[in-house]
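When we follow full-length UniProt numbering, the leftmost residue of the sequence shown carries the number 1, and every step to the right adds one.
Ideal placement from N, C-alpha and C gives every residue a C-beta, glycine not left out.
Since the model is a prediction, treat every value here as computed from it, not as a measurement.
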Amino acid sequence: MLADPAAMAAFARRAIVNGDVEPTDEEAQWPPAGAEGEEPEPEEDNEDDEDDEEDPNAHHLDKFWFACLCNNPQISQLIMEHDEAVLEYLTDISGEYKEPGLTGFTLTFTFRENPYFTNTTISKTYNLAPGPEEDDELEYNGPIFQSAVADPINWKEGMDVTVKSVTKKQRKKTGKNKGDTRTVTKSVPQESFFHFFTPPQLNPEEASEEEIQTAAELLNTDYLIGEVFLNDIIPKAVLWYTGEAEFSSDDEEEEEEEEDDYEDEDDDDEDDPDYVPPAGGQAPECKQSGPDVLVLNLRAIFGRAHVMCSPQLKCNNLQSSANATMPTISINRDDLHTALGRSYTQKEFEDLCFDFGLELDEVTSEKEELEKSGSAKAKDASEAIIYKIDIPANRCILVPFDTNHHSYDLLCIEGLVRGLKIFLNKMGAPQYQLKGEPKETMTITANTAAVRPFGVAAVLRNVNMTQKAYDSFIDLQEKLHQNICRRRTLVAIGTHDLDTIKGPFTYDAQKPEDVVFKPLRVPDAFELKEYNAKELLTMYQQDLQLKQYLHILEKEPLIPVIRDANGVVLSMPPIINGDHSRISTATKNIFIECTATDLTKAKIVLDIIVTMFSEHCAEPFTIEPVNVVNPDGKTVAYPALSTRTTSVQAEDIYRRMGIKREQADPAKLAELLTRMQLTSSLDADQKTISVQVPPTRADVLHPCDIWEDAAIAFGFNNIEWTEPAVSTSGKQQPINKLADQLRRLLVEANYTEALTFALCKHDDNFASLRRPDDGKTAAVISNPKTQDFQVCRSNLLSGLLRTVHSNLRMPLPIKVFEVSDVVLLNPAAETGASNHRRLAAVQAGKSAGFEAVQGLLDLVMQMLEVPRDDQLALKPDGRAYTLRPSQDPAFFGQLGAADIIFRGARVGVLGVVHPEVLANYNLKLAASALELELEFFL
């Protein structure tokens with residue numbers, strides 16, 4: 001029987017790496033003799049070789065596997081600084097399938113004796129379950145990832161790198177020695193590569209739907225990491241050690257893309273939104289987001305960088321389920337029919353949703369959903385029909401930087417039913433009323449200015465809080481948090497049982513040690529008791545749901561806190577509420593507070609909550625205001641619940657809908673707008689429509705918003721199809737036209753175009769280029785997901801240097817260029833930053849000279865018809881450029897560096913790249929570079 005070639009190769013590699021055998025000259029040759037497309041390089045004589053002393057450990061490849069892991073862009077992100085010393089003891093990684101049939105695989109990590117743990121091997125096994133027995137061509141029938149188990153690591157005392165010791169002082173609160181303090185040292189988790197051997201666990205029976213979703217993401221990510229080891233690192237270990245695997249993977253992707261050009265006629269599974277790839281198979285690129293394609297989204301994390309692109313993680317189309325592009329609300333079909341006053345067939349309700357601008361996305365049940373998740377609770381679950389309704393872009397949240405401009409009243413059952421009933425003329429738009437003078441007060445202190453300076457509040461009295469109303473109340477808060485509140489960064493909502501607390505209330509910011517309370521919830525491993533804010537922020541690192549919000553307060557010296565008159569903590573926004581004032585179905589009076597960094601959005605959020613749930617009050621649609629005392633002493637009552645009046649011209653609406661004037665009926669148009677919760681009336685001139693915009697419609701900012709609602713109520717299917725009366729053609733923007741011309745020019749000059757990421761590391765903008773950060777140049781990303789995407793790039797040079805490093809196997813000299821935008825801070829711009837189109841080029845080889853890029857600059861300027869200053873006779877209008885010595889620290893002034901001056905302004909720089917900069921990008925080549933602003937030449 002023949003031995004497995006892969007196993008034989010791994011055995012030979014292990015022996016060579018560990019110094020057990022010495023490779024022959026033929027085995028040591030690289031590339032192998034006769035390799036296609038490779039010619040052996042002639043040996044060079046080196047007189048110094050004769051004098052070199054032989055290293056007794058020369059045949060032992062020290063830190064071989066550690067280097068492999070560090071060179072892999074996916075695994076290297078898991079390795080922390082405190083992991084490095086441990087991984088230096090790693091001597092081998094092997095992998096094998098459990099048995100034929102793809103039922104799983106096992107990874108084995110072998111370590112030599114070390115001071116950290118007693119294990120010599122640590123194994124991790126991924127278990128796959130067989131797929132459905134039914135052979136359905138439209139469904140995936142292959143194996144499914146089920147679980148992962150790993151050997152426990154036997155850490156030696158004090159050497160566990162997955163935890164860190166935290167020392168703090170505790171003060172005794174009761175007893176004889178009350179007030180005494182003691183020092184306590186506790187171990188808390190910290191990020192580490194070795195958490196890989198503690199795979200995430202999931203118990204569907206005890207977890208919430210959100211926790212199940214988050215844990216599923218972690219499980220899928222864990223499986224993909226295992227695949228990277230099995231299919232990439234282990235078989236290509238030598239290439240990862242030398243750094244060549246990164247480049248060869250690019251070539252493989254090119255071949256895969258070429259093969260993808262020839263597609264089988266019946267191979268269209270990827271277009272099926274329900275298609276799920278094999279757990280161990282190759283997934284297509286993600287085409288849509290959401291939980292149904294979760295594996296596809298996560299697989300994008302482990303994609304390859306394209307040829308001639310920066311070797312950063314490919315993350316196109318990567319979105320978490322919390323960032324789904326279209327929010328969905330779930331509603332019991334029978335409850336919906338009861339609320340609407342009649343029963344609908346599924347087709348009838350689909351048509352109603354379409355007419356109202358919504359979409360019935362899915363018809364399911366609780367039992368069906370639990371069966372999909374594999375929960376044991378499915379057996380006893382309800383089979384009642386549930387409608388899942390999508391709220392499309394024109395009705396809700398999809399403009400990321402203009403979240404005021406959407407309607408949030410449809411994000412809960414109350415708002416949806418109310419909107420449909422008004423649309424069907426079964427009820428009129430409710431009149432929201434403020435009841436009486438404010439009885440409660442919330443005072444905002446000056447300390448909050450540095451963290452969350454704004455606050456608003458309201459009270460709902462005599463609420464009939466059924467279980468369904470309670471669930472809807474909580475669900476609406478979460479949807480608002482994820483959308484207009486921008487994951488609680490702009491607004492955080494707190495709701496409290498008013499009968500358990502006493503006003504007046506104070507919104508303050510205090511030291512973390514002074515904010516002590518019993519939180520609403522804690523992770524499973526912790527006791528539900530009082531903690532201070534510092535302890536909570538550490539503890540919630542283990543909470544899958546709350547962890548995503550911790551960055552908001554991590555670097556703040558003061559913590560926001562709301563207290564009642566007795567000092568009881570109501571909430572620590574934007575993280576958690578206190579357990580003392582938790583609401584339940586028994587709650588009758590609700591105190592609602594919103595803290596914010598954006599006052600406008602806070603008022604919108606408060607308006608939405610009170611208008612939606614005031615229908616459950618004993619007096620429907622009545623709200624009790626609360627006085628908010630600002631730090632300047634000014635008192636404002638919230639909510640305002642203002643109804644504003646605006647007007648539109650009926651002719652404008654009909655013209656935009658393509659309806660002829662003789663067919664127009666302005667009175668009918670006013671009725672249509674009233675059906676969209678915009679109470680309207682026709683003015684005496686029979687042309688102008690007065691529209692009352694309720695507090696629930698903060699999305700109405702412009703007449704076009706009213707026109708859109710009129711078109712929805714009129715019915716898109718009722719609008720006649722017409723051809724445009726005038727045919728027009730577009731014209732290219734001047735800057736884009738210039739950029740295309742320059743691209744063509746540089747390609748003709750034998751340069752290769754690179755496309756690098758617009759986001760980069762902070763050091764790529766500054767430290768790696770030896771340039772200081774003045775704090776006024778780069779736009780910084782808040783809470784970046786990876787270190788590779790910390791800031792918007794303010795130069796193109798760093799991306800090109802990374803590209804050169806990623807393509808060192810290419811023939812020398814390597815000549816690359818890019819024509820793209822950089823982003824610079826600009827206080828005068830609406831967004832605070834502006835794009836600037838630039839051209840950059842790098843030539844790297846065994847030598848570098850100023851003349852290499854100066855010639856390229858002359859070529860570019862010749863195309864732009866901009867002469868040098870010594871050629872003014874050829875261009876008497878003074879439109880010329882000149883070169884002046886440059887002090888740019890990214891360039892080596894001794895060998896030549898110059899600023900490009902055009903009409904008195906510095907528009908670029910060129911010269912020999914400084915050796916320290918090259919070293920920062922791991923380049924052992926010399927390089928010359930050019931970077932030029934283009935908009936000056938339009």
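Given a cut-off of 8 Å on the beta-carbon distance, is the pair residue i and residue j in contact?
| i | j | result |
| --- | --- | --- |
| L599 | I623 | no |
| P631 | A449 | yes |
| H481 | N783 | no |
| D497 | R582 | yes |
| A844 | A919 | no |
| I233 | I386 | no |
| T120 | F111 | yes |
| A85 | K124 | no |
| T646 | V691 | yes |
| F356 | L420 | yes |
| V816 | L923 | no |
| S794 | A778 | yes |
| M657 | L745 | no |
| L224 | P200 | no |
| A602 | V456 | yes |
| L932 | L738 | no |
Which of helix, strand or coil does DSSP assign to residue i?
| i | result |
| --- | --- |
| D765 | First, the amino acid is wrong: residue 765 is Asn here, not Asp. N765: helix per DSSP, three-state reduction. |
| E81 | helix |
| C760 | strand |
| E935 | helix |
| D497 | strand |
| R182 | strand |
| F354 | helix |
| K634 | coil |
| C792 | strand |
| D438 | Here residue 438 is Pro; the residue named in the question, Asp, does not match the sequence. Coil at P438, not helix or strand. |
| residue 967 | The shown model of the chain, from 1 to 938, leaves out residue 967, and the question about it has no answer. |
| V417 | helix |
| R461 | coil |
Taking the beta carbon of residue i as the centre, do at least 16 other beta carbons fall within 10 Å, making it buried, or is it exposed?
| i | result |
| --- | --- |
| G908 | buried |
| M159 | exposed |
| V295 | Low confidence applies to V295: its pLDDT is 29, below 50, so where it sits in the model is not reliable enough to give any reading. |
| I608 | buried |
| R418 | buried |
| I79 | buried |
| H702 | exposed |
| P625 | buried |
| D514 | exposed |
| P695 | buried |
| Q894 | exposed |
| M572 | buried |
| N718 | exposed |
| T587 | buried |
| K785 | exposed |
Excluding sequence positions up to five away, which residues of its chain have a Cβ less than 6 Å from the Cβ of residue i?
| i | result |
| --- | --- |
| L528 | V522 |
| E43 | Bear in mind that the predicted position of E43 carries a pLDDT of just 44, short of 50, making it unreliable; the figure below should be weighed with that in mind. Taken in chain order, the list of residues that qualify is empty. |
Looking only at its own chain, which residues have a Cβ that is under 8 Å from the Cβ of residue i, when we skip the five neighbours before and after it?
| i | result |
| --- | --- |
| D821 | A758, N835, H836, R837 and R838 |
| E47 | A caution first: E47 carries a pLDDT of 42, below 50, which makes its placement in the model too unreliable to give a value. |
| N118 | One point to set straight first is that residue 118 is Thr, not Asn, in the sequence displayed. If we look at T118 and ignore the five residues flanking it on each side, its Cβ neighbours are N154 and K156. |
CB of residue i to nearest heavy atom of the ligand COA: below 7 Å?
| i | result |
| --- | --- |
| S365 | The model on display carries no ligand, and the ligand COA is accordingly not part of it. |
Within the same chain, show all residues whose beta-carbon is closer than 7 Å to that of residue i, passing over the 5 residues directly before and after it, in chain order.
| i | result |
| --- | --- |
| A378 | K367, L370 and E371 |
| A749 | L856 and L859 |
Is there a Cβ from chain D that is less than 8 Å from the Cβ of residue i?
| i | result |
| --- | --- |
| I389 | In summary, chain D is missing from the structure at hand, where a single protein chain is found. |
*asked:* Assess contact between the region 608 to 620 and the region 505 to 525, defined as three or more Cβ pairs (one per stretch) separated by less than 8 Å. Is contact present?
replied: no
*Is it a yes or a no for the region 462 to 471 touching the region 530 to 546, going by three-plus beta-carbon pairs under 8 Å?*
no
_Would the region 157 to 164 count as touching the region 185 to 193 if we require 3 or more Cβ pairs under 8 Å?_
yes
*If we count Cβ pairs, one from each stretch, closer than 8 Å, do we get three or more for the region 437 to 445 versus the region 570 to 578?*
no
_the region 663 to 677 contacting the region 703 to 714, beta-carbon criterion three pairs below 8 Å_ = yes
*Report yes or no: do the region 727 to 739 and the region 675 to 683 share at least 3 C-beta pairs separated by less than 8 Å?*
Contact between the region 727 to 739 and the region 675 to 683 is absent, because fewer than three Cβ pairs lie under 8 Å.
*Please confirm if the region 587 to 595 is in contact with the region 476 to 494, defined as three or more CB-CB distances below 8 Å between the two stretches.*
These segments touch.
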